[in-house]
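**Student:** Encoded as structure tokens, here's the structure I'll be asking about.
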């Protein structure tokens with residue numbers, strides 16, 4: 038039996054439940070799925086400030102859930118910005134990946150080049166930087182956004198789908214993307230509807246992340262053994278950093 042912890046770095050618990058429902062419906066029965074929600078930060082990450090805060094919140098959420106994590110657990114940070122991924126990999130004693138890294142690795146394995154599409158204009162430069170720093174430049178055709186963020190996509194579903202379709206077509210025509218990856222926790226579940234209007238395959242970053250984790254057992258990459266004396270952190274995170282082993 039394997040375990041997956043979906044760590045939602047947004048503070049919206051309803052989103053966490055939505056992600057859990059989608060994951061349980063998609064993954065095989067031998068993978069037990071649980072979730073945890075960031076204890077502080079933005080309700081929905083939509084800018085650099087909220088992404089930076091979410092990195093701290095991801096570490097804190099993991100530290101608070103650590104005693105409940107089974108030995109064979111993999112952690113998925115459920116945000117396409119992968120906030121806190123490298124830091125959490127440094128201190129966690131179990132495999133950790135992020136929605137961006139896992140879904141982009143899955144798309145790269147399919148061959149060709151991927152066009153990334155998400156909600157919220159502030160995400161475009163942030164994702165472009167992530168693509169470069171994580172080594173996906175050769176497999177990513179380009180990044181496009183629509184003004185409405187993933188947080189409000191469900192409230193304006195028809196308008197969101199129309200905007201996504203227009204942006205995706207522009208991305209395909211101008212970057213010659215072989216596929217579209219709908220990025221972000223708030224846009225999970227829209228890929229099948231969008232695919233009906235486009236000439237290339239459309240993938241969901243949540244679904245691709247989950248399938249990637251199910252196919253490829255991840256390795257622990259913990260490197261931190263140096264205890265830290267800290268000030269002002271939650272008791273759980275301070276204790277984890279003080280006793281990294």
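Residue numbers (the numbering used here): 38 to 282. C-beta: ideal position from N, C-alpha, C; glycine also. Keep in mind that this is a model prediction, so the values were computed, not measured.
1) Taking only the alpha-carbon atoms, compute the straight-line gap between residue 275 and residue 164 and give it to the nearest angstrom.
2) Is the beta carbon of residue 46 less than 8 Å from the beta carbon of residue 86?
3) I need the boundaries of the alpha helix (DSSP H) containing residue 89, first residue and last residue.
4) Looking at the ligand HEM, does it come within less than 7 Å of residue 58, judged from the CB to the closest heavy atom?
5) According to DSSP, what are the bridge partners of residue 185?
6) May I ask you to list the residues that DSSP assigns as paired with residue 240?
7) Return the chain-ordered list of same chain residues with a C-beta closer than 6 Å to the C-beta of residue 84, the five sequence neighbours on each side being excluded.
8) On the three-state DSSP scale, how would you describe residue 71?
9) Among 262, 255, 256, 244, which one has its Cα closest to the Cα of residue 64?
10) Tell me whether residue 82 sits in a helix, a strand or coil according to DSSP, three-state version.
11) For residue 105, collect the residues of the same chain with a Cβ closer than 8 Å to its Cβ; drop the 5 residues on either side in sequence, then sort them by chain order.
12) On the DSSP bridge list, what partners appear for residue 156?
13) Using only the alpha-carbon positions, how far apart do residue 202 and residue 40 sit?
14) To which residues does DSSP link residue 43 through a beta bridge?
15) Distance check for residue 238 and residue 176, CA to CA, integer angstroms please.
16) Should residue 265 be labelled buried (16 or more other beta-carbon atoms within 10 Å of its own) or exposed?
17) Taking all protein chains shown into account, decide if residue 126 is buried (16 or more other Cβ within 10 angstroms of its Cβ) or exposed.
18) Measuring alpha carbon to alpha carbon, tell me which of 137, 278, 214, 111 ends up nearest residue 250.
**Tutor:** Well, looking at it:
1) 30 Å
2) no
3) 85-102
4) For the ligand HEM, the structure offers nothing, since it holds no ligand at all.
5) Per DSSP, none; premise fails for residue 185.
6) 218
7) 159
8) strand
9) 244
10) coil
11) 71
12) 183
13) 35 Å
14) 72, 113
15) 15 Å
16) exposed
17) buried
18) 111
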